[in-house]
Amino acid sequence: MTETSGGTGATATVRDAGATGHAAVRATDVTRRHGSGENEVLALDRVSISVDAGRFTMIMGPSGSGKSTLMHVLAGLDSPDEGRVFLGRREITGMSDKALTRLRRTRTGFVFQSFNLIPTLSVRQNIGLPAQLAGEKLDADWVRTVTGRLGIAALLDRKPHELSGGQQQRVAVARALVTRPAVVFADEPTGNLDSASGAEVMRLLAAAVREFGQTVIMVTHDPGLAAYADRVIMLADGRPAADLAAPTPEAVADTLLRLNPGSSDETLPFVEQEALAR
Ligand SMILES: Nc1ncnc2c1ncn2[C@@H]1O[C@H](COP(=O)(O)OP(=O)(O)OP(=O)(O)O)[C@@H](O)[C@H]1O
Numbered sequence: 260m261t262e263t264s265g266g267t268g269a270t271a272t273v274r275d276a277g278a279t280g281h282a283a284v285r286a287t288d289v290t291r292r293h294g295s296g297e298n299e300v301l302a303l304d305r306v307s308i309s310v311d312a313g314r315f316t317m318i319m320g321p322s323g324s325g326k327s328t329l330m331h332v333l334a335g336l337d338s339p340d341e342g343r344v345f346l347g348r349r350e351i352t353g354m355s356d357k358a359l360t361r362l363r364r365t366r367t368g369f370v371f372q373s374f375n376l377i378p379t380l381s382v383r384q385n386i387g388l389p390a391q392l393a394g395e396k397l398d399a400d401w402v403r404t405v406t407g408r409l410g411i412a413a414l415l416d417r418k419p420h421e422l423s424g425g426q427q428q429r430v431a432v433a434r435a436l437v438t439r440p441a442v443v444f445a446d447e448p449t450g451n452l453d454s455a456s457g458a459e460v461m462r463l464l465a466a467a468v469r470e471f472g473q474t475v476i477m478v479t480h481d482p483g484l485a486a487y488a489d490r491v492i493m494l495a496d497g498r499p500a501a502d503l504a505a506p507t508p509e510a511v512a513d514t515l516l517r518l519n520p521g522s523s524d525e526t527l528p529f530v531e532q533e534a535l536a537r
């Protein structure tokens, strides 16, 4: 991993995202269709949303409501058919692939359900990879702060297969944070973890928001995780259907049931006791 010391320092917040109140990501009138002809699906139907910097925002909704499509469009991994997307003040719609790839590597971080670590690289190398690919140097003090806070400082020379699932996901969170991205996108980050490891990863993502001023946008099915969020945007049929501030698991579960009345308790994810107790 390439690092420099004496940069902006370990106490610095993330780039452009330390202050709350301004939009970290914005979408206006975004439409996205998948497939064609009679198989065409309107995954996003003129969606306009704005996500504040320095907040933990979750995207929820029934299966097929457009959550993944929205996250991919906001993160610049997919392009809308119509509408505009802004990352901070920069419009990403219409950007060249090259410019978009560079922007993604430096301005966004990703945490996936399946960790997505490179098996042949050490933890240290995995954490440094996005910066290395972007030709950027990491701030050594900041890397020490992040790896210490995530409890992986002693694991830096291990390979991913020498770690538990929870440890691997903490490495993925570190990889997402060390470039000080404007936004971290997390797609079902606890989906492959047992509930204790999942709760630990959620606490660390929430700490990244509260302690580092990070902006996190997360897709999840699990209403029990809502208590970690400042806001839940609920989608139904490709449109925002509810917007909950300071959400509780009960309010989210009620809203999901209202939007998806056919679902039974069996199809609703397990509500974690710990999140309920918070
Ligand atoms: N590549 C694709 N080709 C065709 N249809 C697609 C494609 N990707 C998604 N869709 C459809 O678009 C709609 C929205 O899908 P999306 O994956 O965004 O929903 P989701 O809310 O994330 O679903 P889930 O909770 O089941 O993961 C669904 O009807 C889905 O079947």
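Throughout, my numbering is defined as the position within the sequence shown, counted from one, plus 259. Where a beta carbon is used, it is the ideal one built from N, C-alpha and C, also for glycine. Computed from a predicted structure; not experimentally measured.
Q) Which of helix, strand or coil does DSSP assign to Ala465? A) Looking up residue 465 in the sequence shown gives position 206. In this structure, Ala465 counts as helix in the three-state DSSP scheme.
Q) Pick from Lys396, Thr290, Gly320, Asp311: whose alpha carbon is nearest that of Ala510? A) For the purposes of this step, residue 510 is identified with residue 251 of the sequence shown, where counting begins at 1. It is Gly320 whose Cα lies nearest to the Cα of Ala510.
Q. Would you say Ala302 and Val442 are within 8 angstroms of each other, going by their C-beta atoms?
A. As a position in the sequence shown, residue 302 is number 43, starting the count at 1. As a position in the sequence shown, residue 442 is number 183, starting the count at 1. Here Ala302 is not near Val442, since their CB atoms are 8 angstroms or more apart.
Q: Please indicate yes or no: does the CB of Thr479 lie closer than 7 angstroms to some heavy atom of ligand 2?
A: This structure simply doesn't include ligand 2; it includes ligand 1 instead.
Q. Cα-Cα, which of Met354, Leu422, Gln391 is closest to Pro378?
A. The residue labelled residue 378 in the question sits at position 119 within the sequence shown. If we check each option's Cα against that of Pro378, Leu422 comes out closest.
(Q) Run through the DSSP bridge pairs and tell me what Glu350 is partnered with. (A) Numbered from its first residue, the sequence shown carries residue 350 at position 91. Partner(s): Phe345.
Q. Taking a cut-off of 5 angstroms, which residues have a beta-carbon closer than that to any heavy atom of ligand 1, in chain order?
A. His293, Gly294, Val300, Ala302, Ser322, Gly323, Ser324, Gly325, Lys326, Ser327, Thr328
Q. Roughly how many angstroms lie between the CA atoms of Ala501 and Leu494, to the nearest whole one?
A. On the sequence shown, position 242 is the one that residue 501 refers to. On the sequence shown, position 235 is the one that residue 494 refers to. The alpha-carbon atoms of Ala501 and Leu494 are separated by roughly 7 angstroms.
(Q) Rounded to whole angstroms, what is the Cα-Cα separation between Ala465 and Ala486? (A) Translated into positions along the sequence shown, residue 465 becomes position 206. Translated into positions along the sequence shown, residue 486 becomes position 227. Their backbone Cα atoms lie some 10 angstroms apart in a straight line.
Q: Could you say if the region 335-354 and the region 366-373 meet the contact criterion of at least three C-beta pairs nearer than 8 angstroms?
A: yes
Q: Work out the CA separation of Gly325 and Glu350 for me, nearest whole Å.
A: Translated into the one-based positions of the sequence shown, residue 350 becomes position 91. Translated into the one-based positions of the sequence shown, residue 325 becomes position 66. Answer to the nearest angstrom: the Cα atoms are 22 angstroms apart.
Q. Which two residues bound the contiguous beta strand (DSSP E) that contains Ser307?
A. By 1-based counting over the sequence shown, the position of residue 307 is 48. Unbroken beta strand (DSSP E) run through Ser307: 300-311.
Q.
Tell me which residues share the same chain as Leu463 and place their Cβ nearer than 7 angstroms to its Cβ, disregarding the 5 neighbours each side in the sequence.
A. Within the sequence shown, the letter at position 204 stands for residue 463. If we look at Leu463 and ignore the five residues flanking it on each side, its Cβ neighbours are Leu409, Arg429, Val432.
**Q.** With 16 other Cβ atoms within 10 Å as the buried cut-off, status of Pro520
**A.** Taking the first residue of the sequence shown as 1, we reach residue 520 at position 261. Exposed, by the Cβ-count rule.
Q: For the alpha helix (DSSP H) holding Asp481, just list the boundary residues, first then last.
A: As a position in the sequence shown, residue 481 is number 222, starting the count at 1. Asp481 -> no alpha helix (DSSP H), and no H or E assigned at all.
Q | C-alpha distance - Gly483 paired with Asp446, whole-angstrom precision | A | For the purposes of this step, residue 483 is taken as residue 224 along the sequence shown, with counting starting at 1. For the purposes of this step, residue 446 is taken as residue 187 along the sequence shown, with counting starting at 1. The straight-line gap from Cα to Cα measures roughly 16 angstroms.
Q. What residue ranges within the region 318-345 form continuous beta strand (DSSP E) runs of no fewer than 3 residues, ordered along the chain?
A. none
Q. For the beta strand (DSSP E) that contains Gly368, what are its first and last residues?
A. Counted from its first residue, the sequence shown places residue 368 at position 109. Per DSSP, Gly368 belongs to the beta strand (DSSP E) from 367-371.
Q. Is Thr474 closer than 8 angstroms to Gly313 when the C-beta atoms are compared?
A. Numbered from its first residue, the sequence shown carries residue 313 at position 54. Numbered from its first residue, the sequence shown carries residue 474 at position 215. Yes, these two residues count as a Cβ contact at 8 angstroms.
Q) Helix or strand or just coil, what does DSSP make of Phe374? A) Translated into the one-based positions of the sequence shown, residue 374 becomes position 115. Of the three classes helix, strand and coil, the one that applies to Phe374 here is coil, per DSSP.
**Q.** Element boundaries [alpha helix (DSSP H), containing Gly386]
**A.** Translated into positions along the sequence shown, residue 386 becomes position 127. Correcting the residue identity first, residue 386 is Ile in this sequence and not Gly. 382-392 is the extent of the alpha helix (DSSP H) around Ile386.
**Q.** DSSP three-state assignment for Ala505, whether helix, strand or coil
**A.** Here residue 505 is taken as the residue at index 246 of the sequence shown, counted from 1. Coil at Ala505, not helix or strand.
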